[in-house]
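Going letter by letter, the sequence shown gives residues -18 to -1, 1 to 208 in mature numbering (1 follows the signal peptide of the UniProt record, and there is no 0).
Data block below; observations after.
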Amino acid sequence: MKALILILTLMASSSASAHSGRTNSEGCHNDKKRNEYHCHSGKSKPTSSTPNINKPVPQGFGVGSLNYNRKDWPHWVDADNDCQDARAEILIRDSKSPVKFKRNKPCNVSWGEWIDPYTAQTFYKASDIDIDHIVPLAHAHEMGGKYWTREQRRSFANDFENLLAVEDNANQSKGAQPPHEWMPRNKHFHCKYVKKWRHIKIKYGLQENLIEKTFINNLISSNGCN
């Protein structure tokens, strides 16, 4: 009985030490209490990427997609060794005014001016911004990336063409959903969004299933995106 009480106490202690907060499709989020952006080693709650042997695999999704692991996709890499990782580089690129850094070293961005293309809202605190993979890592994995080498996944995860500074809640709402399941609230960005999506998929030879292809084609033709 004493052993059981000890185990239950340890479990409660462990649970209390974890902090809450929605994570994006890569298990990352902004901790606004600490004013920092970080990633967990695993998801904070079950997601659709969790294997379910009783759930049928959707069209275009391989069985290997159930083995997706964010750790297999090295991201936020500092490719040029200037102390600015991919997140910092995109925050600097997408800011409409010069950014400010947390400390004297120009490594971690704290302030800037970002117009989120997904919501058309303006934000000034970097902690309100996520860096979104237009084609999410989990989706890329399901559509062919599961066969890539680690180096190919690293290149995809840090490709600036596939990265956008967006509002954190919009990014978390999107998750790993394709365009026929989720589109930005800002309708003026719809054409650019699906064009960017398709460009990345063609660039990396990723699959486009029939539902996705039909949705994008219809959106492009009905909105005069050409």
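Glycine included, every Cβ here is placed at the ideal spot set by N, Cα and C.
Residues of its chain near K82, where Cβ-Cβ distance is below 6 Å and the 5 sequence neighbours each way are ignored:
Beyond the five residues adjoining it in sequence on each side, K82 comes within less than 6 Å, by CB distance, of S92 and W93 in the same chain, given in chain order.
Output the boundary residues of the beta strand (DSSP E) element that contains Y175.
Element bounds for Y175: not the beta strand (DSSP E) but the alpha helix (DSSP H), H172 to K185.
My parser needs the alpha helix (DSSP H) runs of 4 or more residues fully inside the region 80 to 160; what are they?
119 to 124, 132 to 139 and 150 to 156
In three-state DSSP terms, what is N199?
helix
Counting Cβ pairs closer than 8 Å, one from the region 61 to 81 and one from the region 156 to 175, do we hit at least three?
no
Whole-angstrom Cβ separation of Y50 and H123, contact assumed at under 8 Å?
With a Cβ gap of about 4 Å, Y50 and H123 count as contacting.
Cα-Cα separation between Q103 and E143, rounded to whole angstroms:
21 Å
By the three-class DSSP mapping on this structure, what secondary structure does A61 have?
Looking at A61 - three-state DSSP - the assignment turns out to be coil, as it is neither helix nor strand.
I193: which of V117, E163 and K107 sits nearest, CA to CA?
E163
Straight-line CA distance for R69 to G126?
25 Å
Helix, strand or coil for N49? Go by DSSP, reduced to three states.
N49 falls in the helix class under three-state DSSP.
Residue of P56, R52, I113 and K53 minimising C-alpha distance to I74
Of the candidates P56, R52, I113 and K53, the one whose C-alpha sits nearest the C-alpha of I74 is I113.
Whole-angstrom distance between N168 and S23, CA atom to CA atom
Bear in mind that the predicted position of S23 carries a pLDDT of just 44, short of 50, making it too unreliable to give a figure here.
Give every residue of the same chain whose Cβ lies closer than 6 Å to the Cβ of V176, excluding the five residues on either side of it in the sequence, and list them in chain order.
Same-chain partners within the cutoff: P161, I198 and L201.
Taking the C-alpha atoms as reference points, what is the distance between P88 and E71?
11 Å
With a Cβ-Cβ cutoff of 9 Å, do K174 and P99 count as a contact?
yes
Would you check whether the ligand FMN has a heavy atom nearer than 8 Å to the C-beta of L201?
This structure does not include the ligand FMN; it has no bound ligands of any sort.
Can you name, in chain order, every residue of its own chain whose Cβ lies under 8 Å from the Cβ of I182, other than the five neighbours on each side?
I116, V117, D141, E143, N144 and L188
Considering only C-alpha positions, which residue in the set F171, S109, E133 and H57 is nearest to E149?
S109
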